[in-house]
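See structure below.
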Amino acid sequence: MSFARRQFLSLLAASVAVVGFAVATPAPSQAQDKTLKVRFYDDPAGFDPANIFRIENENIAFNIFSGLTTYDSKTGKIIPDLAESWDTDDNKTWKFNLRKGVKWHKGYGEFTSADVVYTFNRIRDPKTASPYAAELANVAKVETPDPYTVVIELKSPDGNFLHQVANYHQGQIVNRKAIEDAGDKVRWNPVGTGPYVLDFIDVNSRIVLKSHKDYFRGPAPIDTITFQIIKDENTSTIALRNGEIDLVMRANREEHLETLRKEGFRMNKVENYAVALKVLNPAFKPLADVRVRQAIAHAIDYDTINQATAPSMQKGTASFILPWMDVYTDDIPKYPFDPAKAKKLLAEAGYPKGFTVKHLNTSAQGVTELQQFEIDYLSQVGITMKMELVDTPTFNQKRNAGDFEFATRLLPAVNPDTILFNYLHPANASPKGLNGARYDNPKLTALLEGARAEVDPKKRKAMYAEVQKIALTDLYYLPMYANHVIWPGKQKVAGVNINYLGQVNFFEVDVK
Numbered sequence: 037m038s039f040a041r042r043q044f045l046s047l048l049a050a051s052v053a054v055v056g057f058a059v060a061t062p063a064p065s066q067a068q069d070k071t072l073k074v075r076f077y078d079d080p081a082g083f084d085p086a087n088i089f090r091i092e093n094e095n096i097a098f099n100i101f102s103g104l105t106t107y108d109s110k111t112g113k114i115i116p117d118l119a120e121s122w123d124t125d126d127n128k129t130w131k132f133n134l135r136k137g138v139k140w141h142k143g144y145g146e147f148t149s150a151d152v153v154y155t156f157n158r159i160r161d162p163k164t165a166s167p168y169a170a171e172l173a174n175v176a177k178v179e180t181p182d183p184y185t186v187v188i189e190l191k192s193p194d195g196n197f198l199h200q201v202a203n204y205h206q207g208q209i210v211n212r213k214a215i216e217d218a219g220d221k222v223r224w225n226p227v228g229t230g231p232y233v234l235d236f237i238d239v240n241s242r243i244v245l246k247s248h249k250d251y252f253r254g255p256a257p258i259d260t261i262t263f264q265i266i267k268d269e270n271t272s273t274i275a276l277r278n279g280e281i282d283l284v285m286r287a288n289r290e291e292h293l294e295t296l297r298k299e300g301f302r303m304n305k306v307e308n309y310a311v312a313l314k315v316l317n318p319a320f321k322p323l324a325d326v327r328v329r330q331a332i333a334h335a336i337d338y339d340t341i342n343q344a345t346a347p348s349m350q351k352g353t354a355s356f357i358l359p360w361m362d363v364y365t366d367d368i369p370k371y372p373f374d375p376a377k378a379k380k381l382l383a384e385a386g387y388p389k390g391f392t393v394k395h396l397n398t399s400a401q402g403v404t405e406l407q408q409f410e411i412d413y414l415s416q417v418g419i420t421m422k423m424e425l426v427d428t429p430t431f432n433q434k435r436n437a438g439d440f441e442f443a444t445r446l447l448p449a450v451n452p453d454t455i456l457f458n459y460l461h462p463a464n465a466s467p468k469g470l471n472g473a474r475y476d477n478p479k480l481t482a483l484l485e486g487a488r489a490e491v492d493p494k495k496r497k498a499m500y501a502e503v504q505k506i507a508l509t510d511l512y513y514l515p516m517y518a519n520h521v522i523w524p525g526k527q528k529v530a531g532v533n534i535n536y537l538g539q540v541n542f543f544e545v546d547v548k
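This note's numbering puts the sequence shown at residues 37 to 548.
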C-alpha cells in the first residue's frame with residue numbers, strides 16, 4: 037500500500053473517530069496554487085511561544101510568528117523583523133522603531149507597541165509558567181511612547197539583548213485578544229504576523245499552513261504547505277523517492293542520506309549548527325583533577341570517530357563556540373589525539389592504572405556507536421567507561437540534577453552568550469540550569485558579566501576570547517563534535533536555507 041493511500045485511510049479513520057484538533061476546515065486548493073509537502077517527524081506538541089519546545093514545533097512557530105528582530109538564514113546575523121530599526125547608547129536602554137501597517141492573522145487587526153508589552157509581560161508572569169521567563173529577567177520596564185515605538189530599559193547592560201527579542205521562543209510576539217479567545221486551546225491556535233497562517237491540524241496526520249496574504253514583506257511564493265507526520269525515517273525516505281512528499285524535515289541516517297544523494301535529491305544542509313559536549317562532573321573524584329580531564333581529551337580521537345560513524349552529520353571540533361559566531365576565536369587550548377600524553381597525565385594525577393567511570397544515557401538510545409568507540413579509546417589508557425542506562429524521564433532528572441559522572445549536552449543557539457552563560461556561569465549550576473559540572477571560576481565569571489555590559493565590540497570580543505581560553509583550559513566540558521542538519525528534498529524545491537537554530541524560513545522557499 038502506498039504512503040498516500042495509508043495517509044488517506046488514516047485521515048478517513050480520524051474523521052470518523054473525531055481524532056485530532058481542527059483549527060479550521062481547509063478550503064479546497066485552487067488548481068494554480070503552489071503547494072509543498074513536508075515530512076514532520078514527531079507528534080506535534082503545540083505552538084504557543086511561551087511554552088513551545090522541540091525544533092520540529094519551533095519550525096512551525098518560526099513561520100507563523102515574528103519577533104522585533106530575526107536571523108538571516110544564511111549568516112545568522114540579527115536583521116530587522118517587526119522593528120524596522122533600533123538604537124542604544126549604553127546597551128541598557130533600547131529603543132525599537134516598529135513597522136506600520138503590519139496585519140495580524142485571521143482579522144485580529146494591526147500590530148502595535150501594545151502587543152510587545154503584552155507579550156513580554158505574559159512571558160514574565162509566573163502564572164504563564166514559561167520556561168523562557170529567565171531570558172527576560174533583565175528587563176526592568178517596557179514603555180510605549182506611541183503605537184510604533186517601544187523603549188525597553190534593562191536592569192543591567194546587555195550587548196546581546198537583540199537575541200532575546202528575536203523570532204524565537206520568548207521573542208515571538210503574540211496578540212492579546214487571540215490568546216484570550218483561544219483560552220486553554222492556545223497552543224493549537226497560534227495567531228501571528230508571519231508569512232504563514234495555521235489553517236488545519238490533525239495531531240495524528242498533518243499540519244496545514246496557508247500563505248498570509250497581508251504579510252508585511254508580501255505573500256509567500258508557496259500558497260499551501262502540508263506537513264505530513266511521518267515518524268519513521270525509512271518511511272519518509274520511501275515517500276520522498278516515490279514523490280509522495282517534496283521535502284524531508286531532518287534526516288540523520290547515513291544509509292538513507294547516501295541513497296538520496298546518489299539519486300540526485302537536493303541535500304539542503306547547515307553545518308556547525310551546534311556543538312555536542314561531554315560534561316565531566318568533578319563531584320566524581322578523579323574528574324576533579326584538571327590533568328585527568330585533559331588526559332581524557334587526549335585519549336579520544338573524535339575526528340576519527342565522527343568520520344567513521346556519521347560523516348554527513350558531524351565533525352570534530354576543538355571549541356564549544358562555532359566559527360560563524362562573531363566572538364569565536366581559534367586561539368584556544370587544543371587536545372590532539374595522544375594516548376601517550378594521556379597516560380602520562382593520568383600517572384601524574386595519581387591514576388597510573390586508570391579508573392572506572394559511569395556514563396549516563398537513556399535505555400531507549402542504548403550504547404551508541406560513538407560511545408562504543410569512546411569505550412575502546414579510553415580502555416587503551418586504562419580508563420574503563422561503563423554505561424548507566426536509564427529510562428528517559430530518569431535520565432532527564434539525573435542530568436538536570438547533576439547526578440552523573442559523564443553526561444552529554446547539546447545547546448543550539450545563535451547568541452554565543454546563551455551557550456557560555458548556560459554552561460559556565462555559577463548561577464546556572466545544576467539543578468538551577470545547564471551547568472551540570474557546577475563550574476565556578478571567579479575570573480571567568482567576571483569576564484562573562486563584563487562582556488555583556490561592554491559597549492565596545494573589540495573589547496567585548498577580547499573578553500569572550502579570554503572566556504573561551506580559560507574554559508577550555510579548565511575543561512569541565514569536552515567538545516566532541518559539531519552537529520549538522522540535513523533536509524533532503526526534490527531538486528525543484530529551492531530556497532531551503534536552514535538557519536543556525538535548525539529552522540527554515542518558508543517565505544524564502546519556492547517550488548520551481
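Just so it is clear, CB atoms sit at the ideal spot from N, CA and C, and this is done for glycine as well. Being a predicted model, the structure only gives us computed values, none of them experimental.
Looking at the backbone, the Cα of K128 and that of N196 are separated by about 11 Å.
Within its own chain, the residues whose Cβ lies closer than 6 Å to the Cβ of V328, once the five positions on either side in sequence are excluded, are P322, A385, listed in chain order.
Comparing alpha-carbon positions, the option among Y154, Y512, A331, G486 lying closest to S192 turns out to be G486. Straight across, the Cα-Cα distance linking T353 with P369 is about 12 Å. In the structure shown, S272 falls within a helical segment according to DSSP collapsed to helix, strand and coil.
CA-to-CA, the gap between A378 and Y512 works out to about 16 Å. Annotated three-state conformation of N203 is coil, per DSSP.
Y517 carries a strand assignment under DSSP once its states are collapsed to helix, strand and coil. Assigned with DSSP and collapsed to three states, H395 falls in strand. For N133, the CB contacts under 8 Å within the same chain, skipping 5 residues up- and downstream, are A119, E120, S121, W122, Y184, T185 in chain order. By the criterion of a C-beta distance shorter than 6 Å, V233 is surrounded in its chain by H141, K246, H248, once the five residues flanking it on both sides are discounted. Taking V532 as the centre and dropping the five residues before and after it, the same chain places the C-beta of L283, N304, W523, G525, V540, V545 closer than 7 Å to its C-beta, in chain order. For D325, the closest alpha carbon among the candidates I336, L514, I261, L382 is that of L382. Note: A383 is not bridge-paired with any residue in the DSSP secondary-structure output. In this structure the segment 501-509 touches the segment 349-364; the number of beta carbon pairs closer than 8 Å is three or more.
If the five residues before and after K479 are omitted, its C-beta is found closer than 7 Å to the C-beta atoms of I506, all from its own chain and listed in chain order.
Taking every protein chain shown into account, the CB of E179 has fewer than 16 other CB atoms within 10 angstroms, so this residue is exposed. For A319, the closest of G402, F409, V306, D439 by C-alpha to C-alpha distance is D439.
Annotated as distal: F83 and P257, with beta-carbon spacing of 7 Å or more. Secondary structure at N535: coil, using DSSP grouped into helix, strand and coil. For E490, there is no enclosing beta strand (DSSP E), as DSSP marks it with neither H nor E. Excluding the 5 residues flanking it on each side, I455 has same chain C-beta neighbours closer than 7 Å at F356, I357, L447, A449, in chain order. A331 sits away from Y413, with the two beta carbons spaced by 7 Å or more. Listed as beta-bridge partners of W523 by DSSP are N304. Within the same chain, P231 come within 6 Å of Y251 by CB-CB distance, once the 5 residues on both sides are set aside.
For D427, same chain residues with a beta-carbon under 8 Å away, outside a window of 5 residues either side, are T398, S399, A400 in chain order. For a cut-off of 8 Å, the C-beta gap from I274 to G103 is around 37 Å, too long to register as a contact.
Between the C-alpha atoms of D238 and A176 there is a straight-line separation of about 41 Å. Contact annotation, L483 with F457: C-beta distance approximately 12 Å; criterion of less than 8 Å not satisfied. In the structure shown, A287 falls within a coil segment according to DSSP collapsed to helix, strand and coil.
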